[in-house]
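Visitor: Below is one structure. I have some questions about it.
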Amino acid sequence: MASSYNLHYPLYIISNFLLFSIPFTSSTFSENLIQSVTTARAEKTTKLHFYFQDKLSGKNPTAVKIIGGEGFGFGTTFMIDDALTQELARDSKVVGRAQGTYSLAAQNDLALLMVVTFTFTEGDYNGSSISLLGRNHVYDDVREMPIVGGSGLFRLGRGYALAHTGWFDPDTGDASVEYNVTVMHFEN
Numbered sequence: 395m396a397s398s399y400n401l402h403y404p405l406y407i408i409s410n411f412l413l414f415s416i417p418f419t420s421s422t423f424s425e426n427l428i429q430s431v432t433t434a435r436a437e438k439t440t441k442l443h444f445y446f447q448d449k450l451s452g453k454n455p456t457a458v459k460i461i462g463g464e465g466f467g468f469g470t471t472f473m474i475d476d477a478l479t480q481e482l483a484r485d486s487k488v489v490g491r492a493q494g495t496y497s498l499a500a501q502n503d504l505a506l507l508m509v510v511t512f513t514f515t516e517g518d519y520n521g522s523s524i525s526l527l528g529r530n531h532v533y534d535d536v537r538e539m540p541i542v543g544g545s546g547l548f549r550l551g552r553g554y555a556l557a558h559t560g561w562f563d564p565d566t567g568d569a570s571v572e573y574n575v576t577v578m579h580f581e582n
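Take 395 as the starting number for the sequence shown in this note's numbering and just add one per residue.
The following block contains the structure:
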């Protein structure tokens, strides 16, 4: 009479073989990729200069209050679709759009939280964009804010934007703001 061990051992071996020959799929949502030296692309730095035309007044404002009380108090938030122009003058050539929101984020100061995508519609950067996210202390002559991403030619972009108010109308809130932007990104 064969022992129980002798009868089950071949079954054990076969079941383990079958079990470990089945490909397993990972249930994770990420994968680590190692970039080889041959596929690495060169990093490039691009400097951009344009004007942000913020218009709260008139028949066709490009900045609209979406939340907040009277005036411009803490928490007031605007949705924007502002023109980006080549020159300070509002009627100069449009090279893109600034789309997003800005909110008054300080209780005792005039500081904005900017969440804006600059999308370019002209020239070499047509169809590309950069994303800005940061604090804009409007009383400073020059404000620095981070560039946290990009698309198109600016994919994986990072850098900074320097903003300087060219003119401001305190009665309407309209303004033209000069931007000097430095973006580091990979060549396509």
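Where a beta carbon is used, it is the ideal one built from N, C-alpha and C, also for glycine.
Computed from a predicted model, the values in this text were never measured in an experiment.
Helix, strand or coil: how does DSSP classify GLY551 here?
Guide: coil
Visitor: Just to check my reading of the structure: GLN493 and THR513 have Cβ atoms closer than 8 angstroms, yes? What is that Cβ distance to the nearest angstrom?
Guide: 6 angstroms
Visitor: Is it true that the CB of SER523 sits closer than 8 angstroms to the CB of GLY544?
Guide: yes
Visitor: Give, in chain order, every unbroken run of the beta strand (DSSP E) that is at least 3 residues long and sits entirely within the segment 497–547.
Guide: 505–514, 523–531, 536–545
Visitor: For the ligand ZN, I want to know if LEU498 counts as a neighbour, meaning its beta carbon is within less than 7 angstroms of at least one of the ligand's heavy atoms.
Guide: No copy of the ligand ZN appears in this structure; indeed no ligand is present at all.
Visitor: So, helix, strand or coil for LYS487, using DSSP?
Guide: coil
Visitor: Are GLY528 and TYR445 closer than 8 angstroms when you measure CB to CB?
Guide: no
Visitor: Whole angstroms is fine: what's the gap from ASP476's alpha carbon to ASP448's?
Guide: 6 angstroms
Visitor: Based on the DSSP secondary-structure assignment, which residues constitute the bridge partners of ASN574?
Guide: According to DSSP, which records beta bridges pairwise, ASN574 is partnered with HIS443, LEU556.
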